[in-house]
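K.L.:
My questions will all concern the structure given below.
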Amino acid sequence: MSNESCQIISPDVAQLENVSLQPENGSSNFQEAMALANSEADRRYEDYMLISWYDQDRNFESPQHATEGPEEGITDGYIHYALSHGATLKVDIEGGRFVFFYTAVEW
Numbered sequence: 001m002s003n004e005s006c007q008i009i010s011p012d013v014a015q016l017e018n019v020s021l022q023p024e025n026g027s028s029n030f031q032e033a034m035a036l037a038n039s040e041a042d043r044r045y046e047d048y049m050l051i052s053w054y055d056q057d058r059n060f061e062s063p064q065h066a067t068e069g070p071e072e073g074i075t076d077g078y079i080h081y082a083l084s085h086g087a088t089l090k091v092d093i094e095g096g097r098f099v100f101f102y103t104a105v106e107w
């Protein structure tokens, strides 16, 4: 049996670009917020992939159940998922109401 211990690799948050948006009239729903976030990803990447997201209005995260046993309503599994899967762009709309994580895709 080996005495080597498992190494935990921390996500490189230095590579994460943060964009905060406060639409003048607010976002009426998730679809509108996603369109705004996709526009930000379009400006930065030729091709991209949405890795994870959070909708505070519905208290819903994707991927579903990424947060295990949320305490006091804290939902952050989608953040850990995004960072551990190579997210390079975070788009936060209305101070956390809607949050989207993206990464560039190269073919």
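Last residue of the sequence shown: 107 in my numbering, with the numbers rising by one and none dropped. We treat Cβ as the ideally placed atom computed from N, Cα and C, and that holds for glycine. Remember, predicted model here, so these are calculated numbers, not experimental data.
1. Would you kindly report the start and end of the unbroken beta strand (DSSP E) that includes ALA82?
2. Cβ atoms of ASN38 and ASP92: under 8 Å apart, would you say?
3. If contacts are defined as beta-carbon pairs under 8 Å, then GLU94 and SER28 qualify, I think. What distance do you get, rounded to the angstrom?
4. Can you tell me whether SER52 is buried or exposed, with buried defined as 16 or more other CB within 10 angstroms of its CB?
5. Taking the alpha carbon of LEU50 as the reference point, which residue from ALA66, LEU16, ALA82 and GLU106 has its own alpha carbon closest?
6. By Cβ distance below 6 Å, which residues in the same chain neighbour PHE101 in space, the five residues on each side in sequence not counted?
P.N.:
In terms of the structure at hand:
1. It is not in any beta strand (DSSP E) - ALA82 instead sits in the alpha helix (DSSP H) that spans 77 to 84.
2. Taking a C-beta distance under 8 Å as the contact criterion, ASP92 and ASN38 do not qualify as a contact pair.
3. In this structure, GLU94 and SER28 do not form a Cβ contact; the two beta carbons are roughly 11 Å apart against a cut-off of 8 Å.
4. SER52 should be labelled buried.
5. With respect to the C-alpha of LEU50, the residue from ALA66, LEU16, ALA82 and GLU106 having the closest C-alpha is ALA82.
6. ILE51, SER52, ALA82, ALA87 and LYS90, listed in sequence order.
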